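Engineer: Sequential numbering from 49 applies to the sequence shown in the working numbering. The structure's right below; bear with me while I get my questions together.
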Amino acid sequence: MSRPTNAPTAAGTARAAAEAIRALNHLTFRPDARAEWEMPGDVYAVIGALAELVERLPQTLGQAGELLEALHASGRLRHDSGDGEQLAADVAAFGIETQEAAGTAGRLADGLRHAHNALARIGHRDEEER
């Protein structure tokens, strides 16, 4: 079954997410009204969106591990060394590392949610309020 050339792919979507973070790094380099990066509410919105992004990573990591395990179980993987035991070891290591990364992402999401909550009560003071 062929895929339409304009259909999204998993790898393409992951690359777009990485590029979006690179662009975000450039937009948040310094305060900028055009980038909507100059007020506490701007920080609040960005941190909230980043928390949402990170909360979704464990699912993707788990699905990557499940796919690799299924491919291995069906005999559809090979190892560059030709060694079946090394293949099994590397598949297992991948599973362990992605589970660890998912846990780390969960802890990062918790930190971002706490930071987001801390920002909820912070506002900008206008000149006349000073």
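Glycine included, every Cβ here is placed at the ideal spot set by N, Cα and C. Note that this is a predicted model, so its numbers are computed, not measured.
Taking the C-alpha atoms as reference points, what is the distance between Ala97 and Gly132?
Structural biologist: Reading the sequence shown from its first residue, position 49 is the one you call residue 97. Reading the sequence shown from its first residue, position 84 is the one you call residue 132. The straight-line gap from Cα to Cα measures roughly 43 Å.
Engineer: Would you kindly check if the distance between the Cβ of Ala163 and the Cβ of Ile69 is under 8 Å?
Structural biologist: Here residue 69 corresponds to residue number 21 of the sequence shown, with the count starting at 1. Here residue 163 corresponds to residue number 115 of the sequence shown, with the count starting at 1. No, they are not a contact pair.
Engineer: Measure how close the beta-carbons of Ala99 and Arg161 come, nearest whole angstrom, since I'm counting them as under 8 Å.
Structural biologist: Counting from 1 along the sequence shown, the entry for residue 99 is found at position 51. Counting from 1 along the sequence shown, the entry for residue 161 is found at position 113. Correct: roughly 5 Å between the Cβ atoms.
Engineer: Looking only at its own chain, which residues have a Cβ that is under 6 Å from the Cβ of Thr153, when we skip the five neighbours before and after it?
Structural biologist: The residue labelled residue 153 in the question sits at position 105 within the sequence shown. Sequence inspection shows Ala at residue 153; the Thr mentioned does not correspond to that position. Excluding sequence neighbours, Ala153 sits near Val102, Leu105, Pro106.
Engineer: List the DSSP bridge partners of Asp80.
Structural biologist: By one-based count along the sequence shown, residue 80 stands at place 32. Paired residue(s): Trp85.
Engineer: Helix, strand or coil for Arg51 per DSSP?
Structural biologist: What you label residue 51 is simply residue 3 of the sequence shown in a count that begins at 1. In the structure shown, Arg51 sits in coil (DSSP, three-state: anything other than H, G, I, E or B).
Engineer: Going by C-alpha distance, which of Phe142, Gln134, His127 is nearest Glu117?
Structural biologist: Here residue 117 corresponds to residue number 69 of the sequence shown, with the count starting at 1. Of the candidates Phe142, Gln134, His127, the one whose C-alpha sits nearest the C-alpha of Glu117 is Phe142.
Engineer: Please classify Ala17: is it buried, with 16 or more other beta-carbons within 10 angstroms of its beta-carbon, or exposed?
Structural biologist: For the chain, the structure presents residues 49 to 178; residue 17 sits outside this window and is missing.
Engineer: Give me the Cβ distance between Leu115 and Ala149, rounded to the nearest whole Å; I'm assuming they're in contact under 8 Å.
Structural biologist: Indexing the sequence shown from 1 puts residue 115 at position 67. Indexing the sequence shown from 1 puts residue 149 at position 101. Not a contact, Cβ separation roughly 15 Å.
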